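Asks: Note that the sequence shown covers residues 10 to 435 in the working numbering.
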Amino acid sequence: MSDWCTKALGDIASINIGGTPSREIPKYWAVNSEDGEYWVSIADLKSRIIDESKEQITIRGVLNSNVKPVKSGTLIMSFKLSIGRAAIAGKNLYTNEAIAAIVPKNDQITSSYLYYILPPVAKNAITDTAVKGATLNKASLTKLSLTFPCCRARQNKITSILETIDLAIEKTEALIAKYQQIKAGLMHDLFTRGITADGKLRPPREQAPHLYKQTPIGWIPMEWKFTQLREVSNVVRGSTPRPAKDPRFFDGDHIPWITVGELSREDWPFLNETRTMLTEQGAAYSRVLETGTLVISNSGYGCGVPKILNLTGCANDGIAAFLDLHDNCNQLYIYYFLYSQIITLRTKVARGNDQPNLNTDMLGEFRIPLPAPDEQKGISERLWSVESMTRKEESNLEKLLLQKSGLMHDLLTGKVPVNVDEVETA
């Protein structure tokens, strides 16, 4: 790697720290985004290219503060709090004092290449004895040691490879977000309008009021019923062996241990595995739930999350289960309706409670709309179709992120050499 250079960041780039206009003076802050200048904080660093910000400042705010202009194409990176969040400025903008603008000098390195190599070095720096501390500052940033190809053409080739996979990641993330929006919109429409025998949504109530009736749970299609969960299932609560963490009961290998954390871990209808298990003795002091049981978290700030068990396991007392679900209830339909009501359920129990709790009585009294079984099936299939597409893209995203991690290790360390055509190096 004789054609690679190792230099301090301060030797190859200028570092400019942002600032914040006084919040005591309203005239420094733009009311409308069109009237102000982009002012980026750490919360805005969510994508590779930044071309917008949550807040904007006025020219008066610029002139009366220590903010510094950041030109389009400049690398910006957080060096306080969440260290190493980076982006390329897509427009001229300003930043707060937790973000540094890194401007290459003497054409030794490109901003795009710095985008990939600087963040991991910055994150590791707080444990480095040379720049020890819980946060970084301008002086410690200048000392960061970077190793990179001396040849800019080689830097550009590596950057091009990584940007290609980043673009694929961004497109996949956009698809996931799109499907999630479709799912949210579908749930609203399907649980208020339903679908007809030919699979189409009923016209909205505003267009066809004769198709709807008013009920305690709002307007629903005329053919639908509504019921309480206790009328269609036996609502029971899980049980936690006591004392907690007793080795006689916990960290065993006998049966999966279902907790609130397990239900909240993944946005997916089914629970396929748990991270911990109970001993046989622990299972004797808990409640065993069979594969196929519909459950919901009933305590803590993660309450209201439903799941269908793809395993037989023991549930703790933060879990409620709906046993003996009636034949006229499609389980996946009930799951999706409960999923659509997570915020409603949390709001219902959060008022005046330090620790939100959904007891079995509250869950049993909760009302649900109940179409005919065939319509329930049609509704759940529509939602499952979108869910499956989302899952597919999430799997693709996981593979792309893994591929990117491998490429960064191989390309940014020189482990895998990148050949550059002579025309490019000339």
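Ideal Cβ placement from N, Cα and C applies to all residues, glycine included.
Keep in mind the model is a prediction, meaning the values are calculated, not measured.
Kindly list the residues whose CB is nearer than 8 Å to the CB of Leu379, restricted to its own chain and excluding five residues on each side of it in sequence; keep chain order.
Replies: Trp233, Lys234, Phe235, Thr236, Val241, Asn337, Cys338 and Gln385
Asks: With 16 other CB atoms within 10 Å as the buried threshold, where does Leu408 fall?
Replies: Rather than Leu, the amino acid found at residue 408 in this sequence is Lys. Exposed, since its Cβ has fewer than 16 Cβ neighbours within 10 Å.
Asks: Would Ile26 and Leu199 be called neighbours here (beta carbons separated by less than 7 Å)?
Replies: no
Asks: Report yes if the C-beta distance between Val244 and Leu421 is below 7 Å; otherwise report no.
Replies: Taking the C-beta atoms as reference points, Leu421 is found no nearer than 7 Å to Val244.
Asks: Could you tell me which whole beta strand (DSSP E) segments of length 3 or greater appear in the stretch 339 to 405?
Replies: Taking only runs of at least 3 residues, the beta strand (DSSP E) segments lying wholly in the stretch 339 to 405 are 376 to 379.
Asks: By DSSP, does Met417 sit in helix, in strand, or in coil?
Replies: DSSP, reduced to helix, strand and coil, places Met417 within a helical segment of the structure shown.
Asks: For Ala39, which residues from the same chain have a beta carbon less than 7 Å from its beta carbon, with the 5 sequence-adjacent residues on both sides left out?
Replies: Gly45, Gln65, Ile66 and Thr67
Asks: Give me the Cα-Cα distance between Lys132 and Lys147, rounded to the nearest whole angstrom.
Replies: 15 Å
Asks: For the alpha helix (DSSP H) that Pro196 lies in, which residues bound it at each end?
Replies: Residue identity check: residue 196 is Met in the sequence provided, not Pro. Taken as a continuous stretch (DSSP letters only), the alpha helix (DSSP H) holding Met196 covers Arg161 to Leu199.
Asks: Measuring straight from C-alpha to C-alpha, what distance separates Leu437 and Ala107?
Replies: Nothing can be reported for residue 437: it is not among the residues displayed for the chain, which extend from 10 to 435.
Asks: Would you tell me roughly how many angstroms separate the C-alpha atoms of Lys114 and Lys77, rounded to the nearest one?
Replies: 18 Å
Asks: Would you kindly work out how many angstroms separate the C-alpha atoms of Pro382 and Asn366, rounded to a whole number?
Replies: 31 Å
Asks: Going by DSSP, name the residue or residues bridged to Arg296.
Replies: Answer is Ala324, bridged to Arg296.
Asks: Let me know the alpha helix (DSSP H) ranges lying completely inside the stretch 256 to 307, each 4 residues or longer, listed in chain order.
Replies: Counting only runs of 4 or more, we get 269 to 273 and 289 to 293.
Asks: Output the boundary residues of the beta strand (DSSP E) element that contains Val241.
Replies: That residue, Val241, is in no beta strand (DSSP E); its alpha helix (DSSP H) goes Leu238 to Val241.
Asks: How long is the line joining the alpha carbons of Gln290 and Arg257, rounded to whole angstroms?
Replies: When rounded, the distance between both Cα atoms is 7 Å.
Asks: Between Ala217 and Asp207, what straight-line distance do the alpha-carbon atoms span, to the nearest angstrom?
Replies: 18 Å
Asks: Do the CB positions of Ile97 and Leu84 come within less than 7 Å of each other?
Replies: yes
Asks: Cutting at 6 Å between CB atoms, please list the residues of its own chain near Tyr188, excluding the five before and the five after it.
Replies: Val395, Met398 and Thr399
Asks: I believe Lys166 touches Val429 by the beta-carbon criterion, under 8 Å. Please report the beta-carbon distance rounded to the nearest angstrom.
Replies: 5 Å
Asks: Hey, how far is the Cα of Thr249 from the Cα of Thr356?
Replies: 26 Å
Asks: Considering Cα atoms alone, identify which of Thr151, Ala134 and Lys152 is closest to Thr144.
Replies: Of Thr151, Ala134 and Lys152, the residue nearest in Cα terms is Ala134.
Asks: Just mark Arg32 as buried or exposed, buried being the case when its beta carbon has 16 or more other beta carbons within 10 Å.
Replies: exposed
Asks: According to DSSP, is Val49 part of a helix, a strand, or is it coil?
Replies: DSSP places Val49 in strand when its eight states are reduced to three.
Asks: Leaving out five residues before and five after Thr181 in sequence, what residues of the same chain have Cβ atoms less than 8 Å from its Cβ?
Replies: Within the same chain, Cβ atoms closer than 8 Å to the Cβ of Thr181 are found at Glu402, Asn405, Leu406 and Leu409, the five residues on either side in sequence being excluded.
Asks: For Ala17, collect the residues of the same chain with a Cβ closer than 7 Å to its Cβ; drop the 5 residues on either side in sequence, then sort them by chain order.
Replies: Closer than 7 Å at Cβ, skipping near neighbours: Thr151, Lys152, Leu153 and Ser154.
Asks: Determine which residues share a DSSP beta bridge with Val245 and list them.
Replies: As DSSP reads the structure, Val245 sits in a beta bridge with Ala330.
Asks: Would you list the residues sitting across from Leu102 in a DSSP beta bridge?
Replies: Val79
Asks: Using the Cβ count rule (16 or more neighbours within 10 Å means buried), how would you classify Glu271?
Replies: It counts as buried.
Asks: For Glu64, write down the residues that DSSP places opposite it in a beta bridge.
Replies: Answer is Trp48, bridged to Glu64.
Asks: My assumption, with CB atoms under 8 Å, is that Tyr344 sits in contact with Pro252. Please give the rounded CB distance.
Replies: Tyr344 to Pro252, Cβ: 33 Å. No contact.
Asks: Look at the Cβ atom of Pro230, then the Cβ atom of Gly203, and state whether they are nearer than 7 Å.
Replies: Contact flag set, yes.
Asks: Report buried or exposed for Asn437, applying the criterion of at least 16 other Cβ atoms within 10 angstroms of its Cβ.
Replies: No statement about residue 437 is possible, as the shown extent of the chain runs from 10 to 435 and does not include it.
Asks: Going by DSSP, what residue range makes up the alpha helix (DSSP H) through Thr224?
Replies: Counting along the chain, Thr224 falls outside any alpha helix (DSSP H), though it belongs to the beta strand (DSSP E) covering Tyr221 to Thr224.
Asks: Could you give the distance in angstroms between the alpha-carbon of His219 and the alpha-carbon of Leu210?
Replies: Near 15 Å, if we compare the C-alpha coordinates of Leu210 and His219.
Asks: So, at 6 Å on beta carbons, what are the nonlocal neighbours of Ser74 in its own chain, with the 5 sequence-adjacent residues on each side left out?
Replies: Gly28 and Pro30
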